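Worksheet for the structure shown next.
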Amino acid sequence: MSVTSTTTLDSQLTATWGSANTYADVPMVMSGYTSRLWPHDCQPQFWSKYQVWEWLQQVMDMHQIDASSIPFQNFDMDGHQLCSLSYQDFIRAAGSVGPILFHSITELKWSGASESLRGQYHVEIGQMDIKPEIDFSCPFPDVAPGVNLEIYDPTIHPLAPAASPTPSSPDIKRSYSRPHQVKKHSPRGTHLWEFIRDILLNPERNPGLIKWEDRTEGVFRFLKSEAVAQLWGKKKNNSSMTYEKLSRAMRYYYKREILERVDGRRLVYKFGRNARGWRETEK
DNA sequence: GCCTCTTTTCCTGGTT
DNA sequence: CAACCAGGAAAAGAGG
Numbered sequence: 112m113s114v115t116s117t118t119t120l121d122s123q124l125t126a127t128w129g130s131a132n133t134y135a136d137v138p139m140v141m142s143g144y145t146s147r148l149w150p151h152d153c154q155p156q157f158w159s160k161y162q163v164w165e166w167l168q169q170v171m172d173m174h175q176i177d178a179s180s181i182p183f184q185n186f187d188m189d190g191h192q193l194c195s196l197s198y199q200d201f202i203r204a205a206g207s208v209g210p211i212l213f214h215s216i217t218e219l220k221w222s223g224a225s226e227s228l229r230g231q232y233h234v235e236i237g238q239m240d241i242k243p244e245i246d247f248s249c250p251f252p253d254v255a256p257g258v259n260l261e262i263y264d265p266t267i268h269p270l271a272p273a274a275s276p277t278p279s280s281p282d283i284k285r286s287y288s289r290p291h292q293v294k295k296h297s298p299r300g301t302h303l304w305e306f307i308r309d310i311l312l313n314p315e316r317n318p319g320l321i322k323w324e325d326r327t328e329g330v331f332r333f334l335k336s337e338a339v340a341q342l343w344g345k346k347k348n349n350s351s352m353t354y355e356k357l358s359r360a361m362r363y364y365y366k367r368e369i370l371e372r373v374d375g376r377r378l379v380y381k382f383g384r385n386a387r388g389w390r391e392t393e394k
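First residue of the first sequence? That's 112 in my numbering, and the numbers climb one at a time after it.
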């Protein structure tokens, strides 16, 4: 399926996931992506995989095409690989959207930047290098079987330099139903809520999928519900994942107080007291 | 093979 | 009408 060899799919993911640029916390994903949101100060050849996805997302938005209508997995590649795709490759990867994408990337290649997409261009270069060396891992780390999720559980993240010297959260664990038992299982890799959280914590790797509504309160909103579901499905190796199903899993979190209900607002969720690692200043 | 736990799948019904 | 939201039920998967 994928235009590139899928051999390094995940390794690639993991690899590029950790090396994206950081752009200022512009309210980018705000209103229909009308605002600027090109985090790339470089040519597409140098984009990371997530910048590629960001570009994808935006081109789709610009053309009013549902982003979930193309398989993002087919663009599981960095800018260099993207730029080497042929017209036919784009068709294969994105069907009828292929030509649009091809046209866009061709223009970008020639202009060397993103003029073709946004008129003018400015990036907070000052912010570009503050990429934290702490790698709290990608939302889709293929965690080695033995690896404990605490390892990449970002109780520490760039904005909140480690409030807790001791990694992870010794406190609450699973207080529901088994008060004194500390974690029986560490399910395959990441839990859904952690996956979501990690996307949120990595805006530079989050191509407009989910957005904070209230950072301090832990309220967030899905912008591309189906795209997130696809991503989750990809991580779980389940191509039939949908937002419908993902949201059911999210609703189970209410009872466990990992999430709090936010009524009346579609696609909006809020982290609950049993969700950790999302705060700017973990207390 | 059994258990626990999380997530998936399906579904009915209500809401925006 | 489409896209969500709420949960119940059952079952799948994974690890212990």
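Ideal Cβ positions, reconstructed from N, Cα and C, are used throughout, including at glycine. Since we're looking at a predicted model, the values are computed, not measured.
The beta strand (DSSP E) enclosing residue i, as first and last residue numbers
i, result
"Glu324", "321-325"
"Phe382", "379-382"
"Leu332", "Per the sequence presented here, residue 332 reads as Arg, with Leu not at that position. Arg332 -> beta strand (DSSP E) spans 330-333."
Where residue i falls, given that 16 or more other Cβ within 10 Å makes a residue buried
i, result
"Ser350", "exposed"
"Arg387", "buried"
"Asp374", "exposed"
"Arg308", "buried"
"Pro304", "As written in the sequence, residue 304 is Trp, which differs from the Pro given in the question. Answer is buried; the Cβ neighbour count reaches 16."
"Ser159", "buried"
"Pro210", "exposed"
"Asn313", "buried"
Close beta carbons around residue i, own chain, < 7 Å, minus the five adjacent residues each side
i, result
"Lys322", "Val140, Phe331, Arg332, Leu334"
"Ser336", "Tyr354, Leu378"
"Met352", "Ala340, Gln341, Trp343, Gly344"
"Tyr198", "Phe213"
Cβ-Cβ distance between residue i and residue j below 9 Å
i, j, result
"Leu370", "Lys381", "yes"
"Arg367", "Asn385", "yes"
"Val170", "Ser215", "yes"
"Phe213", "Gly190", "no"
"Gln184", "Gln341", "yes"
Proximal residues to residue i (C-beta, below 6 Å), its chain only, five neighbours per side dropped
i, result
"Gly329", "Lys381, Phe382, Trp389"
"Pro250", "In this prediction, Pro250 has a pLDDT of 39, which is less than 50 and means its spatial position is unreliable; what the coordinates show is noted afterwards. Closer than 6 Å at the Cβ level, and outside the excluded window around Pro250, lie Phe306, Asp309, Ile310."
Limits of the unbroken alpha helix (DSSP H) element including residue i
i, result
"Ile369", "Taken as a continuous stretch (DSSP letters only), Ile369 belongs to no alpha helix (DSSP H), as it is neither H nor E."
"Leu196", "Where Leu196 is concerned, there is no enclosing alpha helix (DSSP H), given that its DSSP letter is neither H nor E."
"Glu305", "303-312"
"Val339", "336-346"
Same chain, Cβ closer than 8 Å to residue i, five either side skipped, listed in chain order
i, result
"Ala339", "The question names Ala, but residue 339 is Val in the sequence shown. Result list for Val339: Ile307, Ile310, Leu320, Ile321, Phe333, Tyr354, Leu357, in chain order."
"Arg326", "Glu391"
"Lys220", "Gln154, Pro155, Gln156, Cys194"
"Leu450", "Nothing about residue 450 can be reported from this structure: the residues present for the chain run from 112 to 394 only."
"Trp365", "Residue identity differs from the one stated: residue 365 is Tyr in this sequence, not Trp. Around Tyr365: Glu371, Arg372, Gly383."
Meets three-Cβ-pair contact criterion under 8 Å: the stretch 186-206 and the stretch 361-379: no
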